Amino acid sequence: MMKKKVGSLTKRYSIDTRARTGVLDTIYRWPKVGNLVYVPYVIGAEYPSSDRKKIIDAMDDFHELTCIRFIPRTSQSDYITIKHGDGCASFVGNIGGEQEVTLHNNGCILHEIRVHELIHTLGYMHMQSSADRDSYMKIIWENIESGMEYNFDKVSIDTHGNFGTSYDYESIMHYGGDAYSINGEITIETLDPSKQNRIGKSVKMSSGDIARVKNMYNCS
């Protein structure tokens, strides 16, 4: 199930998604040594040095704020390869072997998208697909582009957990209010009107994003 790739368009909308919450099955975790979690990476040679620096800058956010350490791959069998592919997309968690993270340099090199996709690699999906999302928002189905409704599916609490955090409107993993709109109208209406203009606007990890990463990997 988790070998499905998820991604984001230039507005950070997902091509395919299942949850705000993290995958519960520990088979999808990256290895932890002591209090640090290591994710080996390779950055494609096709990126100019300026874009390579931007990708590493996004990794540095995790180094500064969490226990995650992205390290250049040497001989590790499980690792991510960041490529100039089609759109912005990532698998969720450690699926084993080489796994691609695609970051097209036309839009995907934005800092918030780089961070967003790296969070996918750690095991988190999107906020608004949480099993309890109906307590926080209403999906306006008639405004959603035909064929894209699956992007608003909810996950089961049996496979995903919130890892001790509450619903996070400011998560960098949240859709914007007009995601996949067919008519320019909103597709996600927050039940608290004061939150409407806050969803999908974050350019950095929220305190909740940081807590979820730490709690998933049980580290400080």
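Residue numbers (the working numbering): 232 to 451. Every residue, glycine too, gets a C-beta built ideally from N, C-alpha and C. None of these values were measured; they are calculated from a predicted model.
Buried or exposed: where does residue 334 fall if 16 or more other Cβ atoms within 10 Å of its Cβ makes it buried?
The residue labelled residue 334 in the question sits at position 103 within the sequence shown. Buried, by the Cβ-count rule.
At which residue ranges does the segment 292-365 contain complete beta strand (DSSP E) runs of 3 or more residues, listed in the order of the chain?
299-303, 310-314, 319-322, 329-334
My understanding is that residue 292 touches residue 346, with C-beta atoms under 8 Å, so please give their C-beta distance in whole angstroms.
As a working mapping, residue 292 is identified with position 61 in the sequence shown. As a working mapping, residue 346 is identified with position 115 in the sequence shown. The Cβ separation is near 6 Å, so the contact holds.
Within 10 angstroms of its Cβ, does residue 324 collect 16 or more other Cβ (buried), or is it exposed?
Counted from its first residue, the sequence shown places residue 324 at position 93. Flag for residue 324 reads buried.
So residue 430 and residue 408 are supposed to be a Cβ contact under 8 Å. How far apart are they, rounded?
Residue mapping note: residue 430 aligns to position 199 of the sequence shown, counting from 1. Residue mapping note: residue 408 aligns to position 177 of the sequence shown, counting from 1. The pair is a contact, with the Cβ atoms about 6 Å apart (cut-off 8 Å).
Three or more C-beta pairs closer than 8 Å, one from the segment 363-373 and one from the segment 293-308: is that the case here?
no
According to DSSP, is residue 234 part of a helix, a strand, or is it coil?
The residue given as residue 234 occupies position 3 in the sequence shown. Its pLDDT being 45, under 50, residue 234 is placed unreliably by the model, and the measurement read from it follows with that caveat. The DSSP-derived three-state label of residue 234 is coil.
Look at residue 413 and residue 380 and say whether their C-beta atoms are less than 8 Å apart.
Taking the first residue of the sequence shown as 1, we reach residue 413 at position 182. Taking the first residue of the sequence shown as 1, we reach residue 380 at position 149. No. Outside cutoff.
Does the Cβ-Cβ distance between residue 355 and residue 404 come in under 8 Å?
What you label residue 355 is simply residue 124 of the sequence shown in a count that begins at 1. What you label residue 404 is simply residue 173 of the sequence shown in a count that begins at 1. Taking 8 Å as the Cβ cut-off, residue 355 and residue 404 qualify as a contacting pair.
Could you work out which residue in 303, 315, 267 is closest to residue 193 when comparing CA atoms only?
Outside the shown range of the chain (232 to 451) lies residue 193, about which nothing can therefore be said.
Express the C-alpha separation of residue 253 and residue 393 in angstroms, rounding to a whole number.
Within the sequence shown, residue 393 is the residue found at index 162, counting from 1. Within the sequence shown, residue 253 is the residue found at index 22, counting from 1. Distance between the alpha carbons of residue 393 and residue 253: 6 Å.
So residue 382 and residue 411 are supposed to be a Cβ contact under 8 Å. How far apart are they, rounded?
As a working mapping, residue 382 is identified with position 151 in the sequence shown. As a working mapping, residue 411 is identified with position 180 in the sequence shown. Sure, about 6 Å apart at Cβ, within 8 Å.
How would you write the range of the beta strand (DSSP E) that residue 274 sits in, first residue to last?
Residue 274 sits at position 43 when you count from the first residue of the sequence shown. That run of the beta strand (DSSP E) goes 267-274.
Where do the N-terminal and C-terminal ends of the beta strand (DSSP E) with residue 370 fall, by residue?
Against the sequence shown, residue 370 aligns to sequence position 139. Here the beta strand (DSSP E) through residue 370 covers 368-370.
In chain order, what residues of the same chain lie with their CB nearer than 7 Å to the CB of residue 436, ignoring the 5 residues before and after it?
Mapped onto the sequence shown, residue 436 falls at position 205. Here the set comprises 292, 296, 346, 403.
Write down the C-beta distance between residue 273 and residue 353 rounded to the nearest angstrom, noting that I regard them as a contact closer than 8 Å.
Taking the first residue of the sequence shown as 1, we reach residue 273 at position 42. Taking the first residue of the sequence shown as 1, we reach residue 353 at position 122. 17 Å between Cβ atoms; not a contact.
Where do the N-terminal and C-terminal ends of the alpha helix (DSSP H) with residue 441 fall, by residue?
Within the sequence shown, the letter at position 210 stands for residue 441. Taken as a continuous stretch (DSSP letters only), the alpha helix (DSSP H) holding residue 441 covers 438-447.
Which word fits residue 271, buried or exposed, when buried means at least 16 other C-beta atoms lie within 10 angstroms of its C-beta?
Within the sequence shown, the letter at position 40 stands for residue 271. Buried, by the Cβ-count rule.
What span of residues does the beta strand (DSSP E) with residue 421 cover, start to end?
Taking the first residue of the sequence shown as position 1, residue 421 is located at position 190. Where residue 421 is concerned, the enclosing beta strand (DSSP E) stretches over 419-421.
Mind checking residue 232: buried by the 16 CB within 10 Å criterion, or exposed?
Locating residue 232 in the sequence shown gives position 1, where the first residue counts as 1. Because the pLDDT of residue 232 is 35, which lies under 50, any placement of that residue in the model is unreliable, and the number read from its coordinates should be weighed accordingly. It is exposed - the Cβ of residue 232 has fewer than 16 other Cβ atoms within 10 Å.
Indicate the three-state DSSP secondary structure (helix, strand or coil) for residue 375 in the structure shown.
For the purposes of this step, residue 375 is identified with residue 144 of the sequence shown, where counting begins at 1. Three-state DSSP puts residue 375 in a strand.
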